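Have a look at the structure below before the remarks.
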Amino acid sequence: MRQNDTKICKTPENTYLCIAMGKNFTYVKGAEFPYQYKYEHMAVTTDCVIFTYEDRQLKVLLVRRGGEPYQGSWAFPGGFLQMRETAKDGALRELREETGLEASAVGELGVFSDPDRDPRERVITIAFYALVKPAEVVGGDDAAEAAWFPIDALPELAFDHRQIFEAAMERLRRDIHFEPIGFDLLDETFTIPDLQRLYEAILGVKFDRRNFQRKMMASGILEEADPEGEEPIMFGAPPMPSAEMDFSVCEKRSMPRLAEASVCYEAAEPQPSLPRKGRPGRIASLFRLNRAKYRAMKDDGGKTEF
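Numbering follows this note's numbering, with no gaps: position 226 of the sequence shown is 240.
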């Protein structure tokens, strides 16, 4: 029998066992999807882990499920892949339908294929993740609700989505050393404290303020972005006390806080000289990512250390 020949044998169940193109399958007369191969098929879904940074907190997008299984539970936006779309297209479609969020790009996180991960049937999911600016979301399609949750205050998640979340956090903490992901969560311009708080939220650690600033400036990936007309901050002028000040050198002194701030400032190490391109004596308060230098550093195999 030639490869393109088809042999049809009627069975008692009014179906037909066919051999075509070297493959065995069953043709079910009148079925919407008539070709059923003799091997079991698995369903495929996509899930989206979407991060944002808002109110000095790293947050992730969840939807409340409107149907079974796990009705009323929180999960990542996602759903079954359609026959004529790629996994990425399906992920973006489900994200849009269930939350109203339009993501310009998502990266593949991984495949999750535990045989018992879904109580309905054997379902394999392809997970994606992305970083977006804060945006309003609203539940749609089969999602009863959509909301942003701080990563340290997540509800119990349906399916194996806690495992998917942990994998996404691991990827995020790894990528932050090699990709400008932190900058994608901030405004176009930002302060060094803004950047430090974001990196602390992602990595789950606390940095020394001056060490963090020194390392970021030494990396060369930041450039000044102060708006015209902003009052410059000069070297040698004692700053006003704030929550950002380091009082470690005088923690044991008992004195009013304003006086304490003055003593601490005088005892502290001098601020390092920062690269500047504006007026002499000026310290920038706003920065932006120098993407050209970041790409050059990455091409040279560089890694952002903290």
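The C-beta atom is built at its ideal place from N, Cα and C for all residues, glycine as well. None of the values given here were measured: they were computed from a predicted structure.
#### Entry: 7 Å CB neighbourhood of L212 in its chain, flanking five on each side removed
Here the question's residue 212 lines up with position 198 in the sequence shown. Once the five neighbours on either side are set aside, the close Cβ partners of L212 are Y67, G196, L199, L200.
### Query
With a cut-off of 8 Å, do at least 3 Cβ pairs link the stretch 60-78 to the stretch 112-125?
Three or more Cβ pairs closer than 8 Å define a contact, and the stretch 60-78 meets that threshold against the stretch 112-125.
### Query
When burial is assigned at 16 or more other CB atoms within 10 Å of the CB, is Q85 buried or exposed?
Residue numbering aside, residue 85 sits at position 71 when the sequence shown is read from its first letter. By the neighbour-count rule (16 or more Cβ atoms within 10 Å), Q85 is not buried but exposed.
### Task
Flag this pair as touching only if the stretch 89-99 and the stretch 128-135 have three or more C-beta atom pairs under 8 Å; answer yes or no.
no
### Task
Please classify A306: is it buried, with 16 or more other beta-carbons within 10 angstroms of its beta-carbon, or exposed?
For the purposes of this step, residue 306 is identified with residue 292 of the sequence shown, where counting begins at 1. A306 should be labelled exposed.
### Query
Taking C-alpha atoms, which residue in G218, A157, G124, L123 lies nearest to P164?
Translated into positions along the sequence shown, residue 164 becomes position 150. Per the Cα distances, G218.
### Task
Flag this pair as yes or no: are the beta carbons of L76 and A89 separated by less than 9 Å?
Here residue 76 is taken as the residue at index 62 of the sequence shown, counted from 1. Here residue 89 is taken as the residue at index 75 of the sequence shown, counted from 1. A contact, by the Cβ cut-off of 9 Å.
### Query
Can the beta-carbon of L186 be found closer than 9 Å to that of R176?
On the sequence shown, position 172 is the one that residue 186 refers to. On the sequence shown, position 162 is the one that residue 176 refers to. Taking 9 Å as the Cβ cut-off, L186 and R176 do not qualify as a contacting pair.
### Task
Compare the Cα-Cα distances from G124 to each of L171, T139, M311 and report the closest residue.
For this step, residue 124 is matched to residue 110 along the sequence shown. Ranking L171, T139, M311 by Cα distance to G124 puts T139 first.
### Beta-bridge partners of R98, as assigned by DSSP
One-based indexing of the sequence shown puts residue 98 at position 84. Looking at the DSSP assignment, R98 forms no beta bridge with any residue, so it has no partner.
### Task
Figure out for me which residue from L209, A310, Q227 has the closest Cα to the Cα of Q71.
The sequence position of residue 71 within the sequence shown is 57, counting from 1. Closest by alpha carbon: L209.
#### Entry: Reference F173, options A158, D189, R78, closest by Cα
Along the sequence shown, read from residue 1 onward, the residue named residue 173 stands at position 159. Comparing Cα positions, the closest option is R78.
### Query
At what residues does the beta strand (DSSP E) containing Y213 begin and finish?
For the purposes of this step, residue 213 is taken as residue 199 along the sequence shown, with counting starting at 1. First-last for Y213: 206-217, but that is the alpha helix (DSSP H), not the beta strand (DSSP E).
### Task
State buried or exposed for V152, treating a residue as buried only when at least 16 other CB atoms are found within 10 Å of its CB.
Against the sequence shown, residue 152 aligns to sequence position 138. Exposed.
### Task
Could you tell me the distance, in whole angstroms, from the CA atom of E238 to the CA atom of D314?
Taking the first residue of the sequence shown as position 1, residue 238 is located at position 224. Taking the first residue of the sequence shown as position 1, residue 314 is located at position 300. Going by the C-alpha atoms only, they are around 23 Å apart.
### Message
From the DSSP secondary-structure annotation, give me the bridge partner or partners of L199.
### Response
By one-based count along the sequence shown, residue 199 stands at place 185. Answer by DSSP bridge pairing: none, since L199 is not bridged.
### Query
For G154, which residues of its own chain have a beta-carbon under 8 Å away from its beta-carbon, when the five flanking residues on both sides are left out?
For the purposes of this step, residue 154 is identified with residue 140 of the sequence shown, where counting begins at 1. Result list for G154: E111, E112, T113, G114, A160, in chain order.
### Which residues DSSP lists as bridging F2, in chain order
Only positions 15 to 320 of the chain appear in this structure, which leaves residue 2 out of reach.
### Task
Can you give me the start and stop residues for the beta strand (DSSP E) that E237 sits inside?
The sequence position of residue 237 within the sequence shown is 223, counting from 1. Looking at the DSSP string, the run of the beta strand (DSSP E) that includes E237 is 236-238.
### Message
Does R228 come out as helix, strand or coil in the three-state DSSP assignment?
### Response
Your numbering for residue 228 matches position 214 in the sequence shown. The answer is helix: DSSP assigns R228 an H, G or I state.
### Query
Are the beta-carbon atoms belonging to P194 and L303 less than 9 Å from one another?
Here residue 194 refers to the residue found at position 180 when the sequence shown is read from its first residue. Here residue 303 refers to the residue found at position 289 when the sequence shown is read from its first residue. Yes, the Cβ-Cβ distance between P194 and L303 is below 9 Å.
### Message
Closer than 8 Å to a non-hydrogen atom of the ligand HEM - does that hold for the CB of E111?
### Response
Only the bare structure without any ligand can be found here, which leaves the ligand HEM out of the picture.
### Task
Would you check if the distance between the CB atom of D156 and the CB atom of G104 is smaller than 9 Å?
Numbered from its first residue, the sequence shown carries residue 156 at position 142. Numbered from its first residue, the sequence shown carries residue 104 at position 90. Result no, Cβ atoms of D156 and G104 do not sit closer than 9 Å.
### Task
Would you tell me roughly how many angstroms separate the C-alpha atoms of E99 and T60, rounded to the nearest one?
Residue mapping note: residue 99 aligns to position 85 of the sequence shown, counting from 1. Residue mapping note: residue 60 aligns to position 46 of the sequence shown, counting from 1. The alpha-carbon atoms of E99 and T60 are separated by roughly 11 Å.
### Query
If you count every other CB in all the chains shown that lies within 10 Å of the CB of F192, and 16 or more means buried, which is it?
Here residue 192 refers to the residue found at position 178 when the sequence shown is read from its first residue. Answer is exposed; the Cβ neighbour count stays below 16.
### Task
Please confirm whether E170 and A141 have their CB atoms less than 9 Å apart.
Within the sequence shown, residue 170 is the residue found at index 156, counting from 1. Within the sequence shown, residue 141 is the residue found at index 127, counting from 1. No, Cβ-Cβ distance for E170 and A141 is not below 9 Å.
### Message
Distance cutoff 9 Å, beta carbons only. Does R188 sit that close to anything in chain C?
### Response
Absent from the structure: chain C. Only one protein chain is present.
### Query
Is DSSP giving G121 helix, strand or coil here?
For the purposes of this step, residue 121 is taken as the residue at position 107 of the sequence shown. G121 falls in the strand class under three-state DSSP.
### Query
Would K73 pass as a contact of W162 if the rule is Cβ separation under 9 Å?
If you number the sequence shown from 1, residue 73 lands on position 59. If you number the sequence shown from 1, residue 162 lands on position 148. Yes, Cβ-Cβ distance for K73 and W162 is below 9 Å.
### Query
With 16 as the cutoff for other CB atoms within 10 Å, does Y308 come out buried or exposed?
Within the sequence shown, the letter at position 294 stands for residue 308. So Y308 counts as buried.
### Task
Give the DSSP-derived three-state secondary structure of L171 in the structure shown.
Numbered from 1 along the sequence shown, position 157 holds the residue referred to as residue 171. Of the three classes helix, strand and coil, the one that applies to L171 here is strand, per DSSP.
### Task
Please say whether I216 and I178 have beta carbons closer to each other than 9 Å?
Position 164 of the sequence shown, counting from 1, holds the residue named residue 178. Position 202 of the sequence shown, counting from 1, holds the residue named residue 216. Contact: no.
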